[in-house]
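2 protein chains.
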Amino acid sequence: MAVVVSLDEERGKTPRPSLAVLSALVGDDLRLVNELIVRRMHSPVALIPQLASHIVAAGGKRLRPMLTLASARMCGYGGQRHIALAACVEFIHTATLLHDDVVDESNLRRGLATANALWGNKASVLVGDFLFSRAFQVMVEDGSLAVLSILANASAVIAEGEVLQLMTANDAETSEAAYLEVIKAKTATLFAAACRIGAVVAERPKAEEDALECYGLNLGIAFQVIDDVLDYTAQQSTLGKTVGDDFRDGKVTLPVVLAYLRGDDEERRFWRRTLEDLDQRKDDLPHAIMLMERQGSLRDSIERARHYGAIARDALGLFPDGAEKRALVELIDFTIARTY
Amino acid sequence: MAVVVSLDEERGKTPRPSLAVLSALVGDDLRLVNELIVRRMHSPVALIPQLASHIVAAGGKRLRPMLTLASARMCGYGGQRHIALAACVEFIHTATLLHDDVVDESNLRRGLATANALWGNKASVLVGDFLFSRAFQVMVEDGSLAVLSILANASAVIAEGEVLQLMTANDAETSEAAYLEVIKAKTATLFAAACRIGAVVAERPKAEEDALECYGLNLGIAFQVIDDVLDYTAQQSTLGKTVGDDFRDGKVTLPVVLAYLRGDDEERRFWRRTLEDLDQRKDDLPHAIMLMERQGSLRDSIERARHYGAIARDALGLFPDGAEKRALVELIDFTIARTY
Chain A
1 MAVVVSLDEE RGKTPRPSLA VLSALVGDDL RLVNELIVRR MHSPVALIPQ LASHIVAAGG
61 KRLRPMLTLA SARMCGYGGQ RHIALAACVE FIHTATLLHD DVVDESNLRR GLATANALWG
121 NKASVLVGDF LFSRAFQVMV EDGSLAVLSI LANASAVIAE GEVLQLMTAN DAETSEAAYL
181 EVIKAKTATL FAAACRIGAV VAERPKAEED ALECYGLNLG IAFQVIDDVL DYTAQQSTLG
241 KTVGDDFRDG KVTLPVVLAY LRGDDEERRF WRRTLEDLDQ RKDDLPHAIM LMERQGSLRD
301 SIERARHYGA IARDALGLFP DGAEKRALVE LIDFTIARTY
Chain B
1 MAVVVSLDEE RGKTPRPSLA VLSALVGDDL RLVNELIVRR MHSPVALIPQ LASHIVAAGG
61 KRLRPMLTLA SARMCGYGGQ RHIALAACVE FIHTATLLHD DVVDESNLRR GLATANALWG
121 NKASVLVGDF LFSRAFQVMV EDGSLAVLSI LANASAVIAE GEVLQLMTAN DAETSEAAYL
181 EVIKAKTATL FAAACRIGAV VAERPKAEED ALECYGLNLG IAFQVIDDVL DYTAQQSTLG
241 KTVGDDFRDG KVTLPVVLAY LRGDDEERRF WRRTLEDLDQ RKDDLPHAIM LMERQGSLRD
301 SIERARHYGA IARDALGLFP DGAEKRALVE LIDFTIARTY
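Going down the list, the sequences are from chains A and B. Residues 1 to 340, numbered by the working numbering, are exactly what the first sequence covers, in order. Residues 1 to 340, numbered by the working numbering, are exactly what the second sequence covers, in order.
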């Protein structure tokens, strides 16, 4: 993958940014979050913990709960409320994944069969509803209307974003602004909420809440842009999902938006045939990647991600230097340089 | 329909119970609820109000929000909070209907094409999520953790009930207890929550909250039992849904549970073939109804509903006589005697 190699060169001798520092910093808290998740997924209806633990245990990177944990600690919070609230964030994320996989008709997530592939769409819809309700139950137990407001608003925006994506799917002429609106809603809003909650539990001033929300929102945008790039450039074994999924689904992500805008008539016909008509042939995916490289759309998508990463970095300017802040800065670098 | 006629005879000369008294009593409040529903369904994503208004406007009986309105008034509440909270109850109900229709693969509800039939399963899942989130947003604006707790708990129980139903579907040996557990969770819990909220906004003692919850729970059980009877006995034009839907889906409802338990080996083979194997032939539905009449399972299902109705009636004993209480009592009679 030409793009990845050139990034490595650019970075020169600096060590590859990783999640290690952040993971070590919030490791103890995250273990408590994981325990609470397992405990609160329980239901006398056996299929619920079975199905939920499949997706929770499949273990994504737990980025969103880690954001709540690190934000709270960076804000000087010394209590334990952030544990349960980080679990709520993960429950909401998991519920949206379950519904997403139904909507996208996905069969593979993080290298494992999706819940809908194993247990069917019906169970995925209903267990998603359960986890969503459970998140609100746990928030009510915590008792903060401010937190409830943040996550109720985030959930509504996420659902709006998903519907918007459904309506604008398979349109090769999607503008960069429309793309941005969708990923803000469906991905970045929950990152932003996860961070903001950290300042809320620490009872920090509104300016710091806003700063953390700004960090999370822009980190989330960068994260999704890179996700969309990785769908074309990653190694299948590293990514843990099928490379080219977005292409096969006709999803118009940023690398496509830019390649289409920069392409000539013939290239645009290719994008419309493959992504709008979903008329795809054997060598179309490699051809799509070749066109993206020709137009520099993968490289420039990464450049766009760097821009949002820079905004996220500056948003942390309000906070004093310290281990948590350094970990949140490295998280931006990881988000952009990651290969999975 | 033999069953309905005999009930009419039983009632003799008393006027047929209706929703008219309750509707007149809470009519002004209900108009405000409907306005608020339309206002809060709004989203810049056009498909959301389109799809949501299809199902909201299809206008069921609005029983659940009416329960909140009448309960609050019976408790002497003089404010306006019950309007928004009644809307939340209806939003949650609508969200579950949208997801139900996806899970049940239904094409017709209240005589109209379902949202999933018109816009597809994906949109129904996501708009359901949106309405659910919107309900929590409106509750947060109201600001009562007690109400949030009631509806978050109810939502989790509803989802559990739906999963339980999914797991126990197509089992002709379902016990009456297992049937009851499912309908309590998926139907009666929201009736109970809707009523309890009325006492909460009126700041009445816990005993009155509990009494209203008991009324709602038992009314809800009676309501669902009668719904399941109507699926075999109603006139299609009156019911507004397809008679025999449950049979065709292989749903094991109370009339089936009783007919199976009382049936001989041949009858049980019939139920297993039609409901477990879903091997159904032309005259199987009329034959099923004939077996139910032979075993008295439709009539006795109505008797069971009367039992829950009687508990609901007694639960209102704590409250002083008045127009609201009389309307809530008549609602029990309507629930049992209704033909739609």
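Yeah, the Cβ is synthetic: ideal placement off N, Cα and C, and Gly gets one too.
Beta-ladder partner(s) of residue i, from DSSP
i: residue 190/B; result: Paired residues: none, contrary to the question.
i: residue 113/B; result: 108/B
Reduced DSSP category for residue i - H, G, I as helix; E, B as strand; rest coil
i: residue 19/B; result: coil
i: residue 75/B; result: coil
i: residue 46/B; result: coil
i: residue 169/B; result: coil
i: residue 136/B; result: helix
i: residue 32/A; result: helix
i: residue 184/A; result: helix
i: residue 260/B; result: helix
i: residue 122/B; result: helix
i: residue 301/B; result: helix
i: residue 320/B; result: coil
i: residue 209/B; result: helix
i: residue 176/B; result: helix
i: residue 325/B; result: helix
i: residue 153/B; result: helix
i: residue 41/B; result: coil
i: residue 225/B; result: helix
i: residue 144/A; result: coil
i: residue 283/A; result: coil
i: residue 161/B; result: helix
i: residue 254/A; result: helix
i: residue 338/B; result: coil
i: residue 202/B; result: coil
i: residue 51/B; result: helix
i: residue 1/B; result: With a pLDDT of 37 at residue 1/B, under the threshold of 50, the modelled position of this residue cannot be trusted, and the question is left open.
i: residue 331/B; result: helix
i: residue 231/B; result: helix
i: residue 220/A; result: helix
Cross-chain neighbours of residue i in chain A, by beta carbon under 8 Å
i: residue 137/B; result: 149, 152, 153 and 156
i: residue 118/B; result: The contacting residues do not exist; residue 118/B stays about 14 Å from chain A at best.
i: residue 126/B; result: 99, 103, 159, 162, 163 and 166
i: residue 60/B; result: Per Cβ cutoff of 8 Å: no residues; residue 60/B is ~20 Å from chain A at best.
Partner residues on chain A for residue i, Cβ-Cβ distance less than 7 Å
i: residue 71/B; result: By Cβ distance, chain A contributes nothing, its closest Cβ being about 21 Å from residue 71/B, past 7 Å.
Chain-ordered neighbours of residue i on chain B, where CB pairs are closer than 7 Å
i: residue 129/A; result: 99 and 159
i: residue 123/A; result: 163 and 166
i: residue 140/A; result: 145, 148, 149 and 152
Chain B residues whose Cβ lies nearer than 8 Å to that of residue i
i: residue 134/A; result: 156
i: residue 85/A; result: Within 8 Å Cβ-Cβ: nothing; residue 85/A doesn't reach chain B, min ~15 Å.
The ligand FAD heavy atom lying under 7 Å from the CB of residue i
i: residue 29/A; result: In the structure on display, the ligand FAD does not appear, and there are no ligands present to speak of.
Beta carbon proximity, residue i to chain D, threshold 8 Å
i: residue 120/A; result: Given the protein chain composition of this structure (A and B), no chain D is represented.
*asked:* Would the region 146 to 156 of chain B count as touching the region 57 to 69 of chain B if we require 3 or more Cβ pairs under 8 Å?
replied: Cβ pair count under 8 Å is below three, so no.
_At least 3 beta-carbon pairs within less than 8 Å: the region 94 to 105 of chain A vs the region 133 to 145 of chain B_ = These segments do not touch.
*What are the residues of the region 35 to 58 of chain A that lie near chain B, defined by any Cβ-Cβ distance shorter than 9 Å?*
Those residues of the region 35 to 58 of chain A that come within reach of chain B (Cβ to Cβ, closer than 9 Å) are 43, 44, 45, 46, 47, 48 and 51.
*the region 158 to 173 of chain B: which residues have C-beta closer than 7 Å to a C-beta of chain A, in chain order?*
So the list reads 159, 160, 162, 163, 164, 166 and 167, given in the order they occur along the chain.
*What are the residues of the region 245 to 263 of chain A that lie near chain B, defined by any Cβ-Cβ distance shorter than 7 Å?*
Listed in sequence order: no entries.
*Closer than 7 Å, Cβ to Cβ, to anything on chain B: give me those residues from the region 267 to 285 of chain A, in chain order.*
Within the region 267 to 285 of chain A, no residue has a Cβ that lies closer than 7 Å to any Cβ of chain B.
*Is it a yes or a no for the region 306 to 319 of chain B touching the region 206 to 218 of chain B, going by three-plus beta-carbon pairs under 8 Å?*
Yes: the two stretches touch, three or more of their Cβ pairs being nearer than 8 Å.
*asked:* Taking 8 Å as the cut-off, does the region 247 to 257 of chain A touch the region 156 to 170 of chain A (at least 3 CB pairs, one atom from each stretch)?
replied: The region 156 to 170 of chain A vs the region 247 to 257 of chain A: in contact.
*asked:* Taking 8 Å as the cut-off, does the region 167 to 185 of chain B touch the region 220 to 229 of chain B (at least 3 CB pairs, one atom from each stretch)?
replied: Contact holds: three or more Cβ-Cβ distances are below 8 Å.
*Check whether the region 41 to 51 of chain A touches the region 65 to 77 of chain A, counting contact only when three or more Cβ pairs, one atom from each stretch, lie closer than 8 Å.*
No, because fewer than three Cβ pairs between the region 41 to 51 of chain A and the region 65 to 77 of chain A fall closer than 8 Å, the two stretches do not touch.
*Is it true that the region 272 to 279 of chain B meets the region 314 to 333 of chain B, where meeting means three or more beta-carbon pairs spaced less than 8 Å apart?*
Result no; under three Cβ-Cβ pairs closer than 8 Å.
*Do the region 119 to 129 of chain B and the region 169 to 180 of chain B make contact, defined as three or more Cβ pairs closer than 8 Å?*
Look at the beta carbons and you see the region 119 to 129 of chain B not touching the region 169 to 180 of chain B: under three pairs across the two are nearer than 8 Å.
_Three or more C-beta pairs below 8 Å linking the region 254 to 274 of chain B and the region 294 to 302 of chain B_ = The answer is yes - the region 294 to 302 of chain B touches the region 254 to 274 of chain B, with three or more Cβ pairs under 8 Å.
*Give a yes or no on contact between the region 258 to 273 of chain A and the region 288 to 297 of chain A, applying the rule of three or more CB pairs nearer than 8 Å.*
With the cut-off at 8 Å, the region 258 to 273 of chain A and the region 288 to 297 of chain A touch.
*Does the region 193 to 200 of chain B come close enough to the region 78 to 87 of chain A to have 3 or more Cβ pairs within less than 8 Å?*
No: the two stretches stay apart, fewer than three of their Cβ pairs being nearer than 8 Å.
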